[in-house]
Structures are given as C-alpha cells and as structure tokens.
Amino acid sequence: MPPRGLLRGQIGGWNVSGSWNQSGFMEVLKVVSGTYRATPFFTVYVGADSKSSNSNVIQVDQSGLFLPSRDYYLNRTANERVLAAYLDYMVELGTLLGGAKEPTRLQMQQVLDFETLLANITVPQAERRDDEKIYHKMSIAELQVLAPAIDWLDYLSYSLAPLELAETEPVVVYGDAYLQQVSDLINSTDKSVLNNYLIWNLVQKTASSLDQRFETAQERLLETLYGTRKPPLYDGHQGVARGGHSRGWTGCVSPPRPQAEEMISEIRTAFEGSLDQLDWMDETTRQAAKEKADAIYDMIGFPDFILDNKELDDVYDGVSEDSFFQNMLNFYNFSAKVMADQLRKPPNRDQWSMTPQTVNAYYLPTKNGIVFPAGILQAPFYARSHPKALNFGGIGVVMGHELTHAFDDQGREYDKEGNLRPWWQNSSLEAFKNRTACMTEQYGRYTVHREKVNGRQTLGENIADNGGLKAAYNAYKSWLQKNGDEKRLPALGLTNHQLFFVGFAQVWCSVRTPESSHEGLVTDPHSPDKYRVIGTLSNSRDFVEHFGCPLGSPMNPGRHCEVW
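The sequence shown begins at 1 in full-length UniProt numbering and counts up by one.
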C-alpha cells in the first residue's frame with residue numbers, strides 16, 4: 001500500500017493533502033497509535049507491573065514530541081535553527097504527499113505550535129527519577145475520569161485486540177497530571193489541528209521507509225539536529241533476526257560466555273565485599289542489599305532461540321512481503337499484536353530488549369537482571385588476548401556499572417524480586433541521599449560548550465559509573481591475589497594498576513559535533529564521555545594513589561563523592 005493510499009483509505013484522509021473525515025478523531029487515533037504504533041499524545045505498552053513484577057499490565061506514559069527533548073520547543077532562542085529546519089522538514093514531507101506549499105506551511109506551523117503546547121506540559125526527565133512517586137495504578141474507568149477526551153475502553157480494546165477488556169482492567173499511569181492536561185488540550189484544540197498532528201505522527205514514523213526524496217529531507221533535518229547527515233546508531237526493525245543470521249556477525253555467534261560469567265561473578269563478589277566497608281549503611285539494609293546483588297540474573301551474548309531456525313521463523317511469521325513500505329506497516333502491526341499477546345501472560349524473564357549486535361548493556365529493575373549483548377563483548381571492551389587489566393577496566397567496569405544500577409537512585413527502589421517497594425531503613429536512605437547529592441552537585445558543575453551538564457538527569461548513570469569502576473578494580477585486585485602479577489606491556493611505562501584505569505578511560509574516547517553534544521546534554525541520562533572519565537576517576541582514591549595526583553590537582557580535588 002503506497003503512503004497516499006494509506007492516508008486516504010484506512011485513516012479517512014489528511015487535511016494537508018486533501019479532504020478528511022472531520023468526525024473521526026478516535027478512529028484516526030486508533031489506527032495511527034493502535035495499528036501502526038505511532039505515539040501521539042501518549043504511549044501505551046504492556047510490561048511487567050513494577051509493584052507486582054510477576055504479572056504484566058497495561059502502562060500509559062507521556063509522549064508525542066518529534067524532536068528529542070521538550071527543551072528544543074521551549075528554549076526557542078537557543079534552538080531557532082532546529083525549529084526552522086523541523087518546520088521545513090514537515091512542509092517538505094507534506095508537499096511530497098500531495099499538499100500545496102503555502103497551505104501546508106500554515107498547517108504544519110499549527111502542528112508545531114501544538115507540539116510546543118505538549119512540550120510545555122511534558123515533565124522533564126530529571127523530575128521523573130522517583131518511580132515510587134510517578135507510579136499510579138487505576139482502572140480504565142478511573143483513567144476515563146482522569147482524561148475524558150479519549151474513549152479509553154474503546155481505544156485500549158482496539159489496540160490490544162483480540163483481548164477482551166472491561167472498565168475494571170488495571171492500568172499503570174506514569175504521568176497522571178500530564179494525561180489530565182493532555183485531555184484538556186485535546187478538548188480545547190481545533191479538530192483540523194488534531195487530525196493534522198495525528199497523521200503527522202504516522203507520516204514521520206513511516207518516512208524512513210519511503211524513497212530517496214524522503215530520505216534526503218530527513219538527512220537535512222538530521223544535519224541541523226546532530227551536525228551530521230547520519231542518524232544516531234540504530235539497530236533496525238528486525239534486529240534479532242539480523243543478529244542471528246547476518247554474515248558480518250557470525251564471528252560473534254559464540255561469544256565468550258564462560259569468561260563473561262566468571263568476570264560477572266568476580267565483580268559481584270567484589271561489590272558485595274565493599275558493602276561491608278560502608279559505614280553509612282545499617283545492617284538490615286546491608287543484608288537486603290547483599291541478597292539483591294546475589295539474586296541479579298544475567299544474560300550474555302544472545303537469546304538462545306535465535307540459533308533455532310524454526311523458532312526464529314515462527315517469531316516473524318507473516319511479516320515479510322515484496323513491498324518494503326508494506327513490509328514496514330506489517331511489522332508495526334505485528335509488534336502491536338506481540339505486545340497485546342503479553343498482557344495475559346507472566347513476564348518472560350529471558351526476553352531481550354536489545355539485539356545481539358548492539359554495543360551496549362542494560363539493567364532491568366523489574367527482572368533484577370543484567371544483559372550484555374555480543375556486540376559489547378569485543379575490543380576495546382574485551383579481548384581474550386588483552387591483559388586482564390584492560391579487560392577488567394573495559395568490560396569489567398561495564399559489568400560493575402550494570403550491577404550498580406540495581407542500587408542507583410532508581411534501581412534501589414526495587415527489591416530482589418524486582419518489585420517497587422520500600423526496603424531501606426530510613427537512616428540508610430537519608431545517608432544515601434546525602435551521598436548522591438554530592439554527585440549531583442559535582443557533575444552539575446561540568447560544562448560542554450558553555451552548557452552545563454544536568455546533575456539530576458545523569459545521577460543514576462553517574463552512580464553506576466563510579467560504583468562500577470570501584471567494583472571492577474577491587475575484582476581485578478582479587479584476581480591478582482589469586483593468580484599473581486601479570487606481565488607489563490612493553491614501552492608504555494605503565495604499571496598494570498595504571499593500565500586498568502587507562503583501559504577504562506580509552507573506551508570512552510569519542511568525538512561529537514557541537515549540535516550532537518547539545519542534544520546529548522538535554523536528552524542523555526549519561527554524562528558526556530569526557531566527564532564519565534574525569535568525574536569517575538577524580539572520585540577514585542585508587543586512581544589518585546596509583547597516579548600520584550597531588551591534593552588540589554584537577555584529578556584530586558580533595559573531595560571524593562562516593563556512594564558505593
């Protein structure tokens with residue numbers, strides 16, 4: 001189905017490119033969001049219930065902005081070029097799909113103005129770090145009262161068909177004030193603007209599946225947004241299938257699982273050992289923390305099912321067709337059905353959220369699990385031929401980082417079973433908050449191109465970086481005690497202890513355009529790479545000792561922020 005056929009057929013037309021059905025708000029919302037998984041106004045998904053992690057539940061959260069952060073819409077002076085490029089992109093896509101230039105510009109300006117109103121009620125990331133505060137469980141009937149502009153039972157029943165839902169069905173809402181305000185905004189906005197906004201959400205989602213004209217338009221916007229015409233790293237839609245069968249990846253089909261398992265075990269032991277050294281933590285909380293660390297579940301390399309051709313084919317059954325555009329539409333519809341199918345099932349502990357070729361790793365609090373795809377189990381993070389100092393400084397710190405996420409400002413709210421519940425004694429919680437405040441302040445002083453790092457937004461990752469480095473270094477010291485000193489690399493003039501820290505620093509070597517740096521500062525929960533190194537190492541007493549940094553020097557300022 002070509003894009004114009006899609007707009008005219010299922011969706012009832014688009015005001016930008018022709019006539020449209022003026023009474024079809026709910027019908028258009030259902031198709032755009034339910035069938036094709038675009039996210040106007042809000043996002044709906046099925047996932048583990050944070051307070052009952054053995055069951056899945058419908059979840060609703062804020063969404064609906066095309067640009068990476070609300071800051072782009074609200075800080076207009078700093079982002080004038082991006083907003084102008086975005087409007088040009090909207091107009092170009094609208095005209096490519098049949099709109100006349102001037103009316104299209106007028107209508108797209110209205111959509112941009114509407115997105116700006118959405119940005120105004122969107123809660124900033126830094127204010128959403130306390131899951132206990134933003135979790136609100138209610139029935140569909142109660143959600144209807146909260147946000148009456150949407151017929152929620154109709155919408156959710158369509159999105160999660162063929163499941164039968166009643167008004168009593170529980171829903172977890174992560175943005176109750178936002179949804180209330182979105183409902184008011186919908187009721188006070190002209191229907192033509194709402195229709196244009198809804199269809200624009202579908203157009204932007206599918207544009208990358210269209211011809212070169214659309215790709216060129218997208219590249220122009222990306223260049224303004226990121227300083228380069230290449231989009232940020234992206235795995236593609238059929239990443240697991242590609243991960244299992246891509247020729248370029250076969251060298252990683254047997255990643256070093258036994259070695260990785262052994263390293264995780266060593267780092268977990270080191271982390272638990274450091275818990276005994278914390279004078280700010282009471283015994284009851286310390287014991288519970290050890291039990292949580294013990295219970296962390298790890299997955300390494302790739303999910304086993306991708307080695308079974310029949311299982312893999314079953315997963316993607318019915319997706320493939322000759323038309324690439326239709327294939328993408330099928331995939332969106334397919335992913336909606338897969339999501340709906342999860343609701344009446346318990347969460348699958350072995351399900352992955354990243355594809356095997358991804359150079360990344362993650363911690364999932366509701367599963368109390370850590371995942372290391374095959375993509376990160378290679379140089380510079382890991383190589384069998386590397387000295388242990390480099391492997392512990394690379395993949396070892398990554399492992400320690402993910403493990404420490406279980407105890408960062410968000411992860412610490414979940415118990416060893418993955419349930420969101422208070423399990424800390426008040427005295428330890430207050431001491432924890434005092435220590436995290438030190439990091440918030442420290443990283444908030446760093447700047448890139450005269451723009452400050454957001455110490456609150458990056459707090460969880462900063463805690464994980466610092467705790468991960470300490471756990472990995474302690475694990476390396478334990479390895480040396482058991483196995484004896486390693487040979488030193490020739491010509492470097494570094495001890496192996498120093499090499500550990502250099503190994504950690506070198507994995508974060510990177511170059512970013514000023515535009516991309518700005519985007520990272522407003523969207524990324526991680527600090528800029530430079531400060532992931534400088535901030536973490538200047539807090540490490542071991543680093544200061546092995547490099548002999550004098551007190552008061554940049555890397556030994558005298559105040560070491562330390563949580564774990």
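Glycine residues also receive a C-beta, built at the ideal position from the N, C-alpha and C atoms.
What you are looking at is a predicted structure, and each value in this text was computed from that prediction instead of being measured.
Query                                                                                                            : Result
Per DSSP, cross-strand counterpart(s) of alanine 48                                                              : Asn56
Of the residues Phe66, Ile395, Ser478, Trp423, the one placed nearest glutamine 506, counting alpha carbons only : Ile395
Anticipated Cβ contact below 8 Å, glutamine 109 with asparagine 196, distance rounded                            : Not a contact, Cβ separation roughly 10 Å.
Between the CA atoms of tyrosine 89 and leucine 221 - distance to the nearest angstrom                           : 7 Å
Contact the stretch 135–153 vs the stretch 87–105: 3+ CB pairs below 8 Å                                         : no
Length at least 3, wholly inside the stretch 97–148: the beta strand (DSSP E) runs in chain order                : 136–139
Alanine 475 and glutamate 272 closer than 7 Å at C-beta                                                          : no
Residues that phenylalanine 372 bridges to, as DSSP identifies them                                              : Ile300
Glycine 480 - containing alpha helix (DSSP H), residue span                                                      : Per the sequence shown, the amino acid found at residue 480 is leucine instead of glycine. Start and end: 459–483.
Alpha-carbon spacing of asparagine 348 relative to lysine 367, whole angstroms                                   : 9 Å
Buried versus exposed call for glycine 251 [16 or more other C-beta atoms within 10 Å across all chains shown]   : Interpretation of glycine 251 is limited by its pLDDT of 35, a score under 50 that renders its predicted location unreliable; the figure taken from the coordinates is listed afterwards. It counts as exposed.
Beta-carbon proximity list for asparagine 15, same chain, < 7 Å, skipping 5 on both sides                        : Gln107, Ser192, Asn195, Asn196
Residues near serine 254 in its chain [Cβ-Cβ closer than 7 Å; skip 5 each side]                                  : For serine 254, the pLDDT reaches just 36, beneath the cut-off of 50, and the residue's location in the model is therefore unreliable, although a value from the coordinates is still provided. The answer is none, since no qualifying residue turns up.
Residue environment, glycine 460, which counts as buried when at least 16 other CB atoms sit within 10 Å         : buried
DSSP bridge partner residues for glutamine 62 (one or two, in chain order)                                       : Phe42
Delimiting residues of the alpha helix (DSSP H) encompassing proline 258                                         : 257–275
Integer Cβ distance of glycine 418 from tyrosine 363, believed to fall under 8 Å                                 : About 11 Å separates the two Cβ atoms, so there is no contact after all.
Tyrosine 291 versus phenylalanine 42 - alpha carbon distance                                                     : Note that residue 291 is glutamate in the sequence shown, not tyrosine. One C-alpha to the other measures close to 37 Å.
Secondary structure of glutamate 486, DSSP reduced to three states                                               : coil
Classification of threonine 355 by the beta-carbon crowding that lies within 10 angstroms, buried from 16 upward : buried
Span separating the alpha-carbon of alanine 147 from that of leucine 153                                         : 12 Å
Assigned secondary structure, glycine 520 (DSSP; H/G/I helix, E/B strand, else coil)                             : helix
Counted within 10 angstroms of its Cβ, other Cβ atoms place glycine 552 as buried (16 or more) or exposed        : exposed
Beta strand (DSSP E) segment containing leucine 165, residue limits                                              : No beta strand (DSSP E) contains leucine 165, which DSSP labels as neither H nor E.
Alpha-carbon spacing of threonine 536 relative to glycine 467, whole angstroms                                   : 9 Å
Cβ-based neighbour list, serine 510, same chain, cut-off 6 Å, excluding 5 preceding and 5 following              : Asp529
Best match in Glu27, Thr104, Val544, Asp350 for proximity to methionine 555 [C-alpha to C-alpha]                 : Val544
Spatial distance of methionine 281 from threonine 228 (CA atoms)                                                 : 47 Å
Helix, strand or coil at asparagine 327 according to DSSP, with G and I counted as helix                         : helix
Helix, strand or coil at glycine 418 according to DSSP, with G and I counted as helix                            : coil
Proximity below 7 Å, CB of glutamate 167 to CB of alanine 141                                                    : yes
C-alpha gap between glycine 243 and lysine 230, whole angstroms                                                  : Confidence at glycine 243 is low in this model, with a pLDDT of 37, below 50, so its placement is unreliable and the value that follows should be read with caution. Taking the straight line from one Cα to the other gives about 21 Å.
As assigned by DSSP and simplified to three states, the class of tyrosine 36                                     : coil
Cβ distance (whole Å) where alanine 38 is taken to contact leucine 202 below 8 Å                                 : 5 Å
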